[in-house]
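There are 2 protein chains.
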Amino acid sequence: MNNFNFYSPTEFVFGKGRENECGELVKKYGGTKVLIHYGGKSAIKSGLIDRVRASLDKSGIAYCELGGVQPNPRDTLVYKGIELARKENVDFILAVGGGSVIDSSKAIAIGVPYDGDFWDFYSGKHAEKALPVATVLTIAAAGSEGSGDSVITKEDGMLKRGTGSDVLRPRFSVMNPELTQTLPAYQTACGATDIMAHVFERYFTNTKEVEITDRLCEAVLCTMVKETPRVIADPDNYEARANIMWAGTVAHTNIVGVGREQDWNSHGIEHELSALYDCAHGAGLAVIMPAWMEFVYKHDIMRFCQMAVRVFGCNMDYADPEKTALAGIKAFRRFLHDIGMPINFTELGAKEEDIPVLVEKFGIGDGRTGGFVHLSAQDVAEIYRIAARAAL
Amino acid sequence: MNNFNFYSPTEFVFGKGRENECGELVKKYGGTKVLIHYGGKSAIKSGLIDRVRASLDKSGIAYCELGGVQPNPRDTLVYKGIELARKENVDFILAVGGGSVIDSSKAIAIGVPYDGDFWDFYSGKHAEKALPVATVLTIAAAGSEGSGDSVITKEDGMLKRGTGSDVLRPRFSVMNPELTQTLPAYQTACGATDIMAHVFERYFTNTKEVEITDRLCEAVLCTMVKETPRVIADPDNYEARANIMWAGTVAHTNIVGVGREQDWNSHGIEHELSALYDCAHGAGLAVIMPAWMEFVYKHDIMRFCQMAVRVFGCNMDYADPEKTALAGIKAFRRFLHDIGMPINFTELGAKEEDIPVLVEKFGIGDGRTGGFVHLSAQDVAEIYRIAARAAL
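Going line by line, the protein sequences match chains A and B.
Be aware that the first sequence starts at -17, since it is given in our numbering, and climbs by one per residue.
Be aware that the second sequence starts at -17, since it is given in our numbering, and climbs by one per residue.
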């Protein structure tokens, strides 16, 4: 196990009706003037924004609002948010939505106290200061409610880039699984795929002797394998929604990934898909992740066997472990298909002839990248090709 | 799943040599005058206290010291610590040791800013204010490095009582597994038992639909089942020590126990043993926990089957699940014996004829207690009797 620091100071406020505590929570964490940041109409139509307003009113907290966050949140709206927050003397950002809204809120939070262009932080600069951020989560997926990370897309060129800092960790995150019950099955499945991908990026490691984090990773994965089909079959299943929601947070605070080298190539490879086609991140991951696995599994066949047996319940083929490794990957792709995810370029709406563009945008040139297997641009192209043509 | 709040703001600073960062960490968290609180001579002889002093010196942090914490830490030393901290204008308590030292440090931390008797907080009062506490952990066991809990023994009458508050959560905890390599096998095994007990107290629940926390509990337990015998066989095994140390923290921040009713009767029943005989808490738990399981398993046979199969690798007897449930409990007791733990009163140094005294001190009178099975005083007496006579 490698040395590590683990820090996750967010207060998670979980369960039915907890959004009605927003006002008291903002007060507890020192906010006096809030920017409520959200996405489309669903948060308003569902009455959620009204409940958040009512809770802030009740606690005497002033607020202004900015909606319109899109999936793959854009820098253009972040600039608007920074301007509004400065004009209104906002001292607290409350994200009401999913990963995109939270990431956009974090970007505004770093931008407000910074004299330069907030994009600097998405180009390598480390954030030391930000307005406090909190969240009311409406989809189990990105894990942004418990992380210090944010990913923003620069509209000019659709460049997708991330930043991370402890100052971006939410002060509190309200997590009411009921709020996710109105999500379409497709979005629910995209979120589930994202959660599993967050674990797999950590699970595939070259660090030896990591039993505790291996087991914790598998705990989240087994939960997703059990609970996701239940939610797809019955969107109103609160209990399955609740298990997935907590799994999604545990998957990404890094408690399951500390002390081990991590990979993250699949996320990088996917980012180019969602940037080019504006598809859902989870859907892109469903296409890329099993293809990545097929390309790299020979690097550590026994680790893929462990996944196959412990997560997907495959029988170990002791005479031919490679068969078990491949059975596990196949079971994962089958699982993704069964929950309604695309498994190849056609189903995703991507085009094989764009692969050279995707690889170029990925931008590693003659270098190599990734923590588990160091991939070259040629390797990445091959993974796109496997993904393009994948079948059950 | 039940509604819950989860809050664990401690920064965990894990790995080789990390105690040399104490000075910078105290500074980061605002300390200027530290009380270094520790136990016996081993922390001095090993050079650990010297390294902590050197790190504080290097960062220009002043300090005073108080050693002498015993296992089952006493109120008498807490009073001394409070007096010393006030006299020296201490603004930060640094616990260098295991659960006892940390619990004693937390008691001092609440006592210093409080006008009354600190024991009030161990008699039901809730702490709203405390000096900041941090830890340098030397044994994986109590989980106190990541919790807001503290247990203190009143010397007059050997009354063992606890308190809990978010203000007692350590600001940081330095966790260097190397520091645990010098521990005797017996203490190591006591710590491992305590970690497993923390999980079992959460695992046995009447709350339905808790797949994610079930799986997380099992992740910690599987890790302990694998790694503990390795450490007993080879005390210098850093990797196994590291896995156990992180497992011990995960077991007790409550991340594996949120949203579910918990039991905690075994801890209460054990506390009377360690109070009366001054035995190690983990050793007492090794005697009590399987006896408690034997007394309650019929309440939910399938949950005990799940433990037997998933944690101890038993085969499921689908024709007679009760056999599997009992096989799991038997496997747990065998495991405890194999790592050198006592499994009955004789091996622990307790006496069956003291049972009426133990039950009376447990003090539930005509009431009932516990989250999984509500036990009467008579039930508790029966558990002591099973524990007294247990065999492999």
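In this text, a Cβ means the ideal position worked out from N, Cα and C, and glycines have one as well.
Bear in mind that the values here come from a model prediction, so they are computed numbers and not experimental data.
Measure from the C-beta of residue i to each C-beta in chain B and report whether the shortest distance is under 8 angstroms.
i                      : result
residue -9 of chain A  : yes
residue 0 of chain A   : yes
residue 208 of chain A : yes
residue 316 of chain A : no
residue 228 of chain A : yes
residue 350 of chain A : no
residue 261 of chain A : no
residue -12 of chain A : yes
residue 188 of chain A : no
residue 224 of chain A : yes
residue 237 of chain A : yes
residue 140 of chain A : no
residue 297 of chain A : no
residue 182 of chain A : no
residue 70 of chain A  : no
residue -6 of chain A  : yes
residue 193 of chain A : yes
Throw me the rounded Cβ distance for the residue i and residue j pair, which I believe falls under 8 angstroms.
i                      : j                      : result
residue 271 of chain A : residue 248 of chain A : 5 angstroms
residue 225 of chain B : residue -4 of chain A  : Rounded, the Cβ-Cβ distance is 28 angstroms, inconsistent with contact.
residue 76 of chain A  : residue 17 of chain A  : 7 angstroms
residue 238 of chain A : residue 181 of chain A : 6 angstroms
residue 331 of chain A : residue 259 of chain A : 6 angstroms
residue 133 of chain A : residue 87 of chain A  : Going by Cβ atoms, the distance from residue 133 of chain A to residue 87 of chain A rounds to 12 angstroms, so no, they are not a contact pair.
residue 232 of chain B : residue 222 of chain B : Rounded, the Cβ-Cβ distance is 16 angstroms, inconsistent with contact.
residue -12 of chain B : residue 154 of chain A : About 11 angstroms separates the two Cβ atoms, so there is no contact after all.
residue 126 of chain B : residue 85 of chain B  : 6 angstroms
residue 257 of chain B : residue 351 of chain B : 17 angstroms between Cβ atoms; not a contact.
To the nearest angstrom, report how far apart residue i and residue j are at their CA atoms.
i                      : j                      : result
residue 211 of chain B : residue 91 of chain B  : 36 angstroms
residue 368 of chain B : residue 146 of chain A : 54 angstroms
residue 4 of chain B   : residue 34 of chain B  : 6 angstroms
residue 54 of chain A  : residue 137 of chain A : 10 angstroms
residue 188 of chain B : residue 309 of chain B : 22 angstroms
residue 370 of chain A : residue 316 of chain A : 16 angstroms
residue 366 of chain A : residue 172 of chain A : 19 angstroms
residue 47 of chain B  : residue 20 of chain B  : 8 angstroms
residue 218 of chain B : residue 235 of chain B : 27 angstroms
residue 64 of chain B  : residue 36 of chain B  : 24 angstroms
residue 228 of chain A : residue 267 of chain A : 20 angstroms
residue 13 of chain B  : residue 74 of chain B  : 5 angstroms
residue 185 of chain B : residue 195 of chain B : 8 angstroms
residue 10 of chain B  : residue 150 of chain A : 18 angstroms
residue 269 of chain A : residue 360 of chain A : 18 angstroms
residue 38 of chain B  : residue 44 of chain B  : 7 angstroms
residue 354 of chain B : residue 197 of chain B : 18 angstroms
When you compare the CB of residue i with every CB in chain A, is at least one pair closer than 8 angstroms?
i                      : result
residue -3 of chain B  : yes
residue 264 of chain B : no
residue 241 of chain B : yes
residue 287 of chain B : no
residue 232 of chain B : yes
residue 197 of chain B : yes
residue 205 of chain B : yes
residue 110 of chain B : no
residue 160 of chain B : no
residue 201 of chain B : yes
residue 54 of chain B  : no
residue -17 of chain B : yes
residue 334 of chain B : no
residue 221 of chain B : yes
Between residue i and the ligand ATP, is there a pair consisting of the residue's CB and a ligand heavy atom that are separated by less than 7 angstroms?
i                     : result
residue 90 of chain B : Here there are no bound small molecules, and the ligand ATP is not part of this structure.
The region 154 to 169 of chain B in contact with the region 293 to 306 of chain B per 3-pair CB rule at 8 angstroms: No: fewer than three Cβ pairs fall under 8 angstroms.
Touch test, the region 154 to 162 of chain A against the region 115 to 133 of chain A, Cβ-Cβ under 8 angstroms, three pairs minimum: They touch, by the three-pair rule.
Segments of 4+ residues assigned as alpha helix (DSSP H) that fall wholly inside the region -13 to 15 of chain A: DSSP runs (the alpha helix (DSSP H)) wholly in the region -13 to 15 of chain A: 4 to 10.
Ranges of the alpha helix (DSSP H) found wholly within the region 56 to 119 of chain A, counting only runs of at least 4: Restricted to the region 56 to 119 of chain A, the alpha helix (DSSP H) segments that are unbroken, complete and at least 4 residues in length are 57 to 69 and 81 to 93, listed in chain order.
Continuous alpha helix (DSSP H) assignments of at least 4 residues falling wholly in the region 211 to 267 of chain A: Entirely contained in the region 211 to 267 of chain A, the alpha helix (DSSP H) runs reaching 4 residues are, in chain order, 220 to 232 and 247 to 259.
Sufficient close CB pairs (3 or more, under 8 angstroms) joining the region 22 to 30 of chain B to the region 20 to 34 of chain A: Three or more beta-carbon pairs separated by less than 8 angstroms are not found between the region 22 to 30 of chain B and the region 20 to 34 of chain A, which leaves the two stretches without contact.
4 or more residues per run - each alpha helix (DSSP H) lying fully within the region 267 to 330 of chain A: With a minimum length of 4 residues, the continuous alpha helix (DSSP H) runs that stay inside the region 267 to 330 of chain A are 283 to 292, 303 to 320 and 327 to 330.
Runs of alpha helix (DSSP H) lying entirely within the region 15 to 50 of chain B, each at least 4 residues, in chain order: Segments of the alpha helix (DSSP H) lying fully in the region 15 to 50 of chain B: 24 to 27 and 30 to 40.
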